[in-house]
DNA sequence: ATTTAATGTTGTCAATGTCAACATGAGAGC
DNA sequence: GCTCTCATGTTGACATTGACAACATTAAAT
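Residue numbers (the working numbering), protein chains in the order written: chain A, 7 to 214; chain B, 7 to 214.
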């Protein structure tokens, strides 16, 4: 039993991710974390100024992992922009299920509201990756007449909602096969097989 | 200053709704609530067994208000199932902005996970209203070949996501006109003016 | 080898949720 | 109108938590 832990910072982040995945962000306690790792209750303060600071670090790491995961999924499908965007949508949802701690942290309003510079930067990078992919898909004909901001908002909104549904234990009874459901949901956003659904013909002068 | 408050239960719920709207569920404190209302810190316990119990009451009230709000919006548009469903989608998002406290409470995972019987029942009613409307829209031709579960999940996911985006201060800079954005987003779910987008199955004789 | 600063500990404080014991008074039953 | 009951509110206490200050230990730079 050494006086110095050796790698407390990383251990705290890992353990926090585990606890968040198991019990949610609300039930994360710095003191409990310290107890779990066998250090004193004030030890975490040497690595994270406060609770939010730890969550910011976790969120920054989460954003980077997210970007890598999404891009890898897109690259695995080839170069067709519609297929890539579809794959990214599915990867988005899968990431939220695979790394619930990171996902919850990067989407937690309270965490993101007080984000520090590093976290903000990583969030921007994440946003950029999606925007670029959406623009490419639009250039290839998907919802070509819509604002990119709109289709990105629509896409993210939907996958985010599906993620929330799948993560919500209340809805788990409806879901028999995650993968199949994810495929069907994302197909409703962008369906590379059915280009005719991918365009909204603008109505001349029609009131919405 | 009377010893008995007179209407503490309702006052607590109202004040809680205010605080949640202003500072979020995480920052709700029973003791602060009691202070605000000029009663002792243990007074709330006479009306709510614990913090979750208060949130459950708020959520039940929220579900009922939600149902009323959505149905009123649908009724205001007439009897066309597609138009009604579209209106309900827009109303969903507007409700989340108009009554953030109720909305946050009825969608808060931790609150809903430990829901009591009354809250669960109100959640079922809410779900039923949407399912019925979706079935009607499908019967009228919208995504007729999809499972109702799927289209409901897709719809709710999207409006829920849009609500999250609009409620997130981080995204507020993108939004100039809420109403217009909501209209465009819901149109991407169900567009009564463009039935051709409403089916994933190619029309007979159309090239795939 | 000495010094310094990073890392961990102990002790403390205010705030919170929750419980138990006690106080008050509104309203039912007579 | 009077009494008594019990719903409602209060006071006090306890454990937990995040945060801070003062102190202890040791890794690492010089």
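Backbone N, C-alpha and C define an ideal beta-carbon position, used for all residues, glycine too.
Burial state of residue 194 (chain A) is buried, judged by a 10 Å Cβ sphere holding 16 or more other Cβ atoms. At a cut-off of 8 Å between beta carbons, residue 59 (chain B) makes no contact with chain A. Contact annotation: residue 142 (chain B) and residue 87 (chain B) have beta-carbon atoms nearer than 8 Å. In the three-state reduction of the DSSP assignment, residue 59 (chain A) falls in the helix class, which pools H, G and I. Residue 167 (chain A) has a beta carbon lying within less than 8 Å of a beta carbon in chain B. About 6 Å separates the beta carbon of residue 34 (chain A) from that of residue 22 (chain A), a gap short enough to meet the 8 Å contact definition. Distance from the CA atom of residue 61 (chain B) to the CA atom of residue 156 (chain A), rounded to whole angstroms, is 34 Å. The beta carbon of residue 30 (chain B) sits closer than 8 Å to some beta carbon of chain A. Rounded to whole angstroms, the gap between the alpha carbons of residue 122 (chain A) and residue 13 (chain B) is 43 Å. Beyond the five residues adjoining it in sequence on each side, residue 168 (chain B) comes within less than 6 Å, by CB distance, of 99 and 191 in the same chain, given in chain order.
For residue 106 (chain A), the secondary structure class from DSSP, reduced to helix, strand or coil, is helix. Ranked by Cα distance from residue 93 (chain A), the first of A:108, A:84, A:80 and A:164 is A:80. In the assembly as shown, residue 46 (chain A) is an exposed residue. Its beta-carbon has fewer than 16 other beta-carbons within 10 Å. Secondary structure of residue 174 (chain B) (DSSP, three-state): coil. Just measuring C-alpha positions, the residue of A:43, A:130, A:158 and A:36 sitting nearest residue 55 (chain A) is A:36. In the three-state scheme derived from DSSP, where H, G and I count as helix and E and B as strand, residue 98 (chain B) is classed as helix.
What residue 194 (chain A) touches in chain B, judged by beta-carbon distance under 7 Å, is 160, going in chain order. Taken in chain order, the unbroken stretches of alpha helix (DSSP H) that lie wholly in the segment 37-84 of chain A and span 4 residues or more are 57-81.
When secondary structure is reduced to three states using DSSP, residue 186 (chain B) falls in the helix class. Residue 40 (chain B) is not a Cβ neighbour of residue 27 (chain B), given a cutoff of 8 Å. The C-beta distance from residue 73 (chain A) to residue 132 (chain A) rounds to 6 Å, short enough to meet the 8 Å contact threshold. Cβ neighbours of residue 104 (chain A) within its own chain (closer than 7 Å, five residues either side excluded): none. Chain order gives the chain B residues near residue 116 (chain A) as 30, 32 and 33, where near means a beta carbon separation below 9 Å. Take residue 19 (chain A), set aside five residues on each side of it, and the residues of its chain with a beta-carbon closer than 8 Å to its own are 60, 63, 64 and 67, in chain order.
Around the Cβ of residue 85 (chain A), a 10 Å sphere holds fewer than 16 other Cβ atoms; the residue is exposed. Taking C-alpha positions only, residue 152 (chain B) is separated from residue 16 (chain B) by approximately 44 Å. Within 10 angstroms of the beta-carbon of residue 187 (chain B) lie 16 or more other beta-carbons, which makes it buried.
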